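Residue numbering for the first sequence is 165 to 735, as defined by this note's numbering.
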Amino acid sequence: MAIYALIIETLNTAILASLEACGLPAPTGDLTPEPTARREHGDFQTNVALRLAKIVGRAPRDVAVEIAAALEASNTAHLDHCEVAGPGFVNIFLRPTWLHDVLTDVVTSQSAYGRSDALANQRINLEFVSANPTGPLHAGGGRWVAVGDALANVLASQGATVHREYYLNDAGNQLDTFARSLLARYSGEEPPEDGYHGEYLIEMAQLLRSELGDDVDELTAREWGYEQNVKSLREDLARIGVYFDTWFSERLLHERGNVVEVLSTLESAGHTYVKDDATWLNSEALGDQRDRVLVKRDGSTTYLANDLAYHLDKSRRGWDYLIDIWGADHHGQVKSLQAGMEALGIGTSESPQPEIILGQLVKLERGGELVRLSKRAGNVVTLSDILDEVDPDVARLTFLLQGIDTALTFDLDVVTSQSMENPVFYVQYAHARVCSIGRRADEQGVTRVALKDADLSVLLHERELDLLRALSEYPGVLATSAELRAPHRVATWVRDFASRVHGFYRDCRVITNDAALTQARLWLAEASRIGLADALGILGVGAPAVMERLDEDEDEAEGALGEGQNQGSLG
RNA sequence: GCGCCCGUAGCUCAGUGGAUAGAGCAACCGCCUUCUAAGCGGUCGGCCGGAGGUUCGAGUCCUCCCGGGCGCGCCA
Numbered sequence: 165m166a167i168y169a170l171i172i173e174t175l176n177t178a179i180l181a182s183l184e185a186c187g188l189p190a191p192t193g194d195l196t197p198e199p200t201a202r203r204e205h206g207d208f209q210t211n212v213a214l215r216l217a218k219i220v221g222r223a224p225r226d227v228a229v230e231i232a233a234a235l236e237a238s239n240t241a242h243l244d245h246c247e248v249a250g251p252g253f254v255n256i257f258l259r260p261t262w263l264h265d266v267l268t269d270v271v272t273s274q275s276a277y278g279r280s281d282a283l284a285n286q287r288i289n290l291e292f293v294s295a296n297p298t299g300p301l302h303a304g305g306g307r308w309v310a311v312g313d314a315l316a317n318v319l320a321s322q323g324a325t326v327h328r329e330y331y332l333n334d335a336g337n338q339l340d341t342f343a344r345s346l347l348a349r350y351s352g353e354e355p356p357e358d359g360y361h362g363e364y365l366i367e368m369a370q371l372l373r374s375e376l377g378d379d380v381d382e383l384t385a386r387e388w389g390y391e392q393n394v395k396s397l398r399e400d401l402a403r404i405g406v407y408f409d410t411w412f413s414e415r416l417l418h419e420r421g422n423v424v425e426v427l428s429t430l431e432s433a434g435h436t437y438v439k440d441d442a443t444w445l446n447s448e449a450l451g452d453q454r455d456r457v458l459v460k461r462d463g464s465t466t467y468l469a470n471d472l473a474y475h476l477d478k479s480r481r482g483w484d485y486l487i488d489i490w491g492a493d494h495h496g497q498v499k500s501l502q503a504g505m506e507a508l509g510i511g512t513s514e515s516p517q518p519e520i521i522l523g524q525l526v527k528l529e530r531g532g533e534l535v536r537l538s539k540r541a542g543n544v545v546t547l548s549d550i551l552d553e554v555d556p557d558v559a560r561l562t563f564l565l566q567g568i569d570t571a572l573t574f575d576l577d578v579v580t581s582q583s584m585e586n587p588v589f590y591v592q593y594a595h596a597r598v599c600s601i602g603r604r605a606d607e608q609g610v611t612r613v614a615l616k617d618a619d620l621s622v623l624l625h626e627r628e629l630d631l632l633r634a635l636s637e638y639p640g641v642l643a644t645s646a647e648l649r650a651p652h653r654v655a656t657w658v659r660d661f662a663s664r665v666h667g668f669y670r671d672c673r674v675i676t677n678d679a680a681l682t683q684a685r686l687w688l689a690e691a692s693r694i695g696l697a698d699a700l701g702i703l704g705v706g707a708p709a710v711m712e713r714l715d716e717d718e719d720e721a722e723g724a725l726g727e728g729q730n731q732g733s734l735g
């Protein structure tokens with residue numbers, strides 16, 4: 165168990181015992197002590213007195229004083245003293261020894277630090293991106309790439325087995341529309357009104373001609389274009405370092421008769437009816453805003469029918485839990501899908517409903533103006549375009565620093581031209597600095613003694629304790645991030661932690677003549693490195709050991725980037 | 001009209017019912033003889049969209065209103 169959890173448990177027990185010693189009842193609900201927001205309030209605070217006051221009919225501060233005294237009298241590990249403050253909080257002050265235990269915990273756990281087995285035995289299928297294979301991934305799609313991959317890592321950090329899946333809508337009208345557009349370009353014509361007008365089709369048409377000659381029909385164009393598009397999706401994803409375990413083809417559902425099967429299941433369960441020559445799902449009765457068509461008048465199935473077959477297939481493939489990440493432009497489909505799944509008997513404890521995570525859309529800005537993000541309109545900015553200009557790490561963290569409930573504005577001017585001030589460099593630099601200390605120590609022949617031989621009790625500087633407090637909270641950050649499906653919490657944690665690392669670096673020289681202090685600080689630096697590297701790893705952002713110092717004369721020129729990063733054209 | 005999301009510092013955004021609401025950027029002032037100044041410290045900056053309500057306590061929960069985004073196809 166991580167030290168933080170251990171402390172909470174210890175304090176919890178101590179508080180309960182104190183209540184009993186005072187003859188006070190235990191309040192209902194969670195009385196978990198929580199870390200204080202301010203240093204002067206100690207390490208942890210508990211609001212039990214506030215909550216008990218009404219029950220016992222006494223002033224909250226009186227109750228608090230009593231509890232504080234009982235707590236102090238208890239023999240609780242690391243406890244220094246308690247104070248009553250504000251309306252009736254009991255502030256708990258611990259000795260720094262608990263933070264020294266955190267350091268030991270981090271360096272002995274290494275990359276396992278912060279991990280939990282809360283989701284052990286959970287096999288989760290996480291579907292994200294799933295952009296139609298009708299062209300390159302557009303810039304806004306990068307958000308789901310970054311968020312989905314990070315969320316997968318976050319869930320895995322809690323012990324889950326996570327499977328990344330990409331659903332290819334390769335059986336519907338969109339691909340046909342795409343084919344007609346491609347063929348139009350191939351013939352030197354403008355795409356149809358409702359077709360795809362992006363310039364990428366012109367290039368693609370040229371390639372089509374050079375590869376397959378002058379006698380290409382629509383079907384051939386479609387299949388060739390489809391292959392090209394999937395290939396380019398994979399390439400774009402590879403550029404940003406995201407790989408899917410499964411690329412699931414919608415066509416398979418039709419070939420295997422899954423869609424037909426879903427329809428007959430729904431029909432025999434009495435959930436469908438025929439009206440206006442179409443087959444409808446009685447979804448309104450199941451919570452949807454209205455009923456939905458499953459089979460169109462022309463006999464083809466709707467997106468909903470196909471999607472139900474897809475989700476049913478996913479749950480049959482043996483996952484304990486299904487998660488989809490969708491853009492907010494699809495939120496109208498959530499109720500329909502869930503209504504259909506319920507009609508199919510999904511939604512029990514053995515087979516829970518798919519969880520749909522909705523993320524707000526990305527607004528792309530350049531030159532102070534919004535850029536439209538539409539594959540159909542001509543004006544396309546692709547993820548690949550962005551990666552031509554910025555480092556994948558920059559793109560990822562830009563998408564990840566913001567919660568998915570807010571519409572994100574991706575300002576290309578800021579992200580590209582001001583990359584010197586990008587949070588990515590700030591965080592990566594903290595990692596590089598810590599690594600640099602290790603190298604410098606090596607150069608000077610200073611080697612780290614075994615952890616058990618280092619005297620950590622000399623770590624008393626506020627900067628040092630600050631680092632350890634942040635590290636103590638990291639496991640909780642990961643757990644919360646997983647629970648709330650909010651990977652941005654890891655991003656904001658690591659940015660905050662980097663700030664503490666820089667402060668420590670500035671104020672606490674590690675390699676000094678004080679051998680004991682040097683040893684303790686070397687271990688603290690190592691713990692910090694582990695924290696930074698782990699969080700960055702979860703976000704899918706690189707943690708370079710070296711970042712070259714930016715030459716002052718060239719601060720407008722090319723940035724000095726760490727290893728493994730492509731050199732963005734910044735000028 | 002109905003449904004979902006959002007509204008917090010000049011800008012971009014954190015903040016799972018707790019005390020004096022935070023960070024980055026921008027602006028201004030300091031700090032390099034010492035482990036990388038892509039750094040550190042400080043100043044400036046807020047009726048948390050508005051009004052009610054619940055609560056010992058509300059940026060957070062509830063209701064209504066205002067403003068913005070996205071949906072409400074026999075498209076996908």
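Glycine included, every Cβ here is placed at the ideal spot set by N, Cα and C. Here the structure is a predicted model, which means the values were calculated and not measured.
Assigned exposure category for residue i - 16 Cβ within 10 Å defines buried
i: Arg328; result: buried
i: Ala166; result: buried
i: Asn586; result: buried
i: Pro356; result: exposed
i: Gly359; result: buried
i: Val438; result: exposed
i: Asn337; result: exposed
i: Ser374; result: exposed
i: His245; result: exposed
Residues that residue i bridges to, as DSSP identifies them
i: Tyr364; result: Answer is none; Tyr364 lacks a bridge partner.
i: Ile404; result: Its beta-bridge partners do not exist; DSSP assigns none.
i: Tyr485; result: Ile288
i: Ile256; result: Phe208 and Cys246
i: Trp388; result: In the DSSP output, where bridge partners are listed per residue, Trp388 has none listed.
i: Glu519; result: Ile487
i: Glu533; result: Arg530
i: Pro199; result: Phe208
i: Val438; result: Thr443
Simplified DSSP assignment, three categories, for residue i
i: Gly726; result: Interpretation of Gly726 is limited by its pLDDT of 34, a score under 50 that renders its predicted location unreliable; the figure taken from the coordinates is listed afterwards. Note: Gly726 maps to coil in three-state DSSP.
i: Glu716; result: Because Glu716 carries a pLDDT of 46, less than 50, the predicted location of this residue cannot be relied on, and the following value inherits that uncertainty. In this structure, Glu716 counts as helix in the three-state DSSP scheme.
i: Ala169; result: helix
i: Gly732; result: With a pLDDT of 29 at Gly732, under the threshold of 50, the predicted position of this residue should be treated as unreliable, and no value is reported.
i: Ala721; result: Annotation note: pLDDT 35 at Ala721 (below 50); position unreliable, coordinate value reported separately. Coil.
i: Arg673; result: coil
i: Thr325; result: strand
i: Thr268; result: helix
i: Ala655; result: helix
i: Leu572; result: strand
i: Lys218; result: helix
C-beta contact flag for residue i and residue j at 7 Å
i: Pro651; j: Val293; result: no
i: Leu458; j: Thr466; result: yes
i: Asn289; j: Leu501; result: no
i: Val591; j: Arg659; result: yes
i: Pro300; j: Ser413; result: no
i: Ala707; j: Ala662; result: no
i: Ala442; j: Arg461; result: yes
i: Leu624; j: Pro197; result: no
i: Ala605; j: Leu267; result: no
i: Asp488; j: Pro518; result: yes
i: Asp313; j: Ser548; result: no
i: Leu635; j: Val212; result: no
i: Val622; j: Ile675; result: no
i: Leu632; j: Leu258; result: no
Proximity to residue i [Cα-Cα], best of the options
i: Gln566; options: Val526, Glu553 and Glu533; result: Val526
i: Ala402; options: Ala503, Tyr331, Leu551 and Asp441; result: Leu551
i: Leu648; options: Asp630, Ala449, Arg693 and Ile568; result: Ile568
i: Val423; options: Gly504, Asp488, Tyr168 and Ala385; result: Gly504
i: Thr562; options: Asp358, Asp194, Gly304 and Gly463; result: Gly304
i: Leu376; options: Leu347, His361 and Glu363; result: Leu347
i: Ala335; options: Ser345, Ser479 and Arg386; result: Arg386
i: Asp192; options: Pro199, Glu204, Lys218 and Ala169; result: Per the sequence shown, the amino acid found at residue 192 is Thr instead of Asp. Of the listed residues, the one whose Cα sits closest to Thr192 is Lys218.
i: Leu700; options: Asn255, Ala596, Glu533 and Asp630; result: Ala596
i: Trp411; options: Val394, Gly405, His418 and Leu427; result: Val394
i: Ala284; options: Glu247, Ala324 and Asp269; result: Ala324
Cβ-heavy atom distance, residue i to the ligand NAP, below 6 Å
i: Leu175; result: With respect to the ligand NAP, the structure shown offers nothing to examine, as it has no ligands at all.
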